[in-house]
Amino acid sequence: MSRRLVVRIAAGLLLAAGLTFAGAAAAQAATPSHVVTAPTPPAPPAGPTGVSSTTGTATVGVQINGANGKPSSSIVILIALTVLSVAPALLLLCTSFTKIFVVLSIVRNALGLTSVPPNQVLAGLALFLSMFVMGPVLSDMNHQGVQPYLNGTKTQSVAFHDGVEPLRKFMLAHTRKDEIALFVSAAKSAKPTSPDAVPLTTLIPAFVLSELRAAFIIGFVVYIPFLVVDMVVSASLMSMGMMMLPPVTVSLPFKMLLFVMVNGWGLVVTALVSSY
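The following block contains the structure:
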């Protein structure tokens, strides 16, 4: 009995192992080892993005503004550096600096002082007087051109046109028609129909000539009293026989005293500011 039992158990184990092997083989046969998919067809080539749909020609553009319409910081820095590079020319030619500096230099020469006050002092005084005179004009240029462009409400061309308009009006108000006609004739261009039609390339040099003319007129008026003092001192020295003594040495203290007593610097500055 025990031998038969052992045989039956062994036969059962063999049968179970055979069934398990057969199930695993059937499962392996039902599931493929790898899945083969069909190849994806290639996408057709896309046309260039800068081609116009109407003309079919390529276009290239540069966008300098940000997402909200304001200029980028790099563009603002570039414009600032450009303005600083041309600022001396703008300061000398398009403002009242030229006339003020020339008049102050003539006053110094009329006094007989070649280096007092020094050029740095005269240039600084002329600079701040120019800022005082040009204050309203610069404020209008800032409100009409600079700030709208920085806020993104105006384009570059519109901001430049609106911003330069106050400066154009200032220069037109202090430019003689003869100087404008001179440059129009020299350029052999058509006569402007109105003051607003005068280009800046003609207006700026005409304005500079007008400022120089006005500065020399003021300088001539300033020179007359000091010339009279020099003549009186020279005649007095000649009458006393002191021909070896330079008249300038004697007249210089009297000219300085006269200039201080009449508050000469105040009169000159008042005349310059009142001329605008």
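My numbering puts the sequence shown at residues -11 to 264.
Here a beta-carbon is modelled for each residue, glycine too, at the ideal position from N, C-alpha and C.
In this text the structure is predicted, and so the values were computed from the model without any measurement.
Terminal residues of the alpha helix (DSSP H) in which residue i lies
| i | result |
| --- | --- |
| H149 | 144 to 161 |
| V250 | V250 -> no alpha helix (DSSP H), and no H or E assigned at all. |
| L197 | 188 to 227 |
| Q132 | Looking at the DSSP string, Q132 is not in any alpha helix (DSSP H), and its letter there is neither H nor E. |
| V172 | 165 to 175 |
| K179 | No alpha helix (DSSP H) contains K179, which DSSP labels as neither H nor E. |
Minimum C-alpha distance to residue i - residue among the options
| i | options | result |
| --- | --- | --- |
| L188 | S61, P30, V221, L78 | L78 |
| I192 | S222, P235, K157 | K157 |
| G140 | S61, T190, P76, F85 | S61 |
| V216 | G229, K142, S239, G207 | S239 |
| G100 | T237, L80, L160 | T237 |
| T83 | L233, G252, P124 | P124 |
| S198 | L160, P183, H149, S227 | L160 |
| D166 | V256, S93, V196 | V196 |
| S263 | P76, S73, K87, L81 | K87 |
| L117 | L92, M129, K179 | L92 |
| I65 | L80, P32, L138, I212 | L138 |
| I63 | Q144, P30, A169 | Q144 |
| L170 | V210, P29, T190 | T190 |
| L81 | L155, A68, F242, P241 | L155 |
Whole-angstrom distance between residue j and residue i, CA atom to CA atom
| i | j | result |
| --- | --- | --- |
| T258 | V121 | 11 Å |
| E153 | S127 | 12 Å |
| P234 | V250 | 26 Å |
| V95 | F89 | 10 Å |
| A194 | G229 | 51 Å |
| H149 | H162 | 20 Å |
| M231 | F214 | 20 Å |
| W253 | L246 | 12 Å |
| N70 | F208 | First, the amino acid is wrong: residue 70 is Thr here, not Asn. When rounded, the distance between both Cα atoms is 38 Å. |
| V248 | I206 | 19 Å |
| M244 | L260 | 21 Å |
| K142 | V256 | 42 Å |
| D218 | M129 | 47 Å |
| A185 | F85 | 25 Å |
| R164 | A178 | 18 Å |
| A98 | P180 | 41 Å |
| A68 | P76 | 14 Å |
| Y211 | F242 | 14 Å |
| I168 | S182 | 12 Å |
| P29 | L72 | 59 Å |
Problem - Given 8 Å, three or more beta-carbon pairs between the stretch 101 to 108 and the stretch 205 to 223 - result: no
Exercise for the section: Could you say if the stretch 202 to 211 and the stretch 173 to 184 meet the contact criterion of at least three C-beta pairs nearer than 8 Å? Expected result: no
Problem - Meets three-Cβ-pair contact criterion under 8 Å: the stretch 110 to 121 and the stretch 132 to 144 - result: no
Practice task
Go through the stretch 82 to 135 residue by residue and report every complete run of the alpha helix (DSSP H) that reaches 4 residues or more, in order.
Solution key: 85 to 99, 107 to 129
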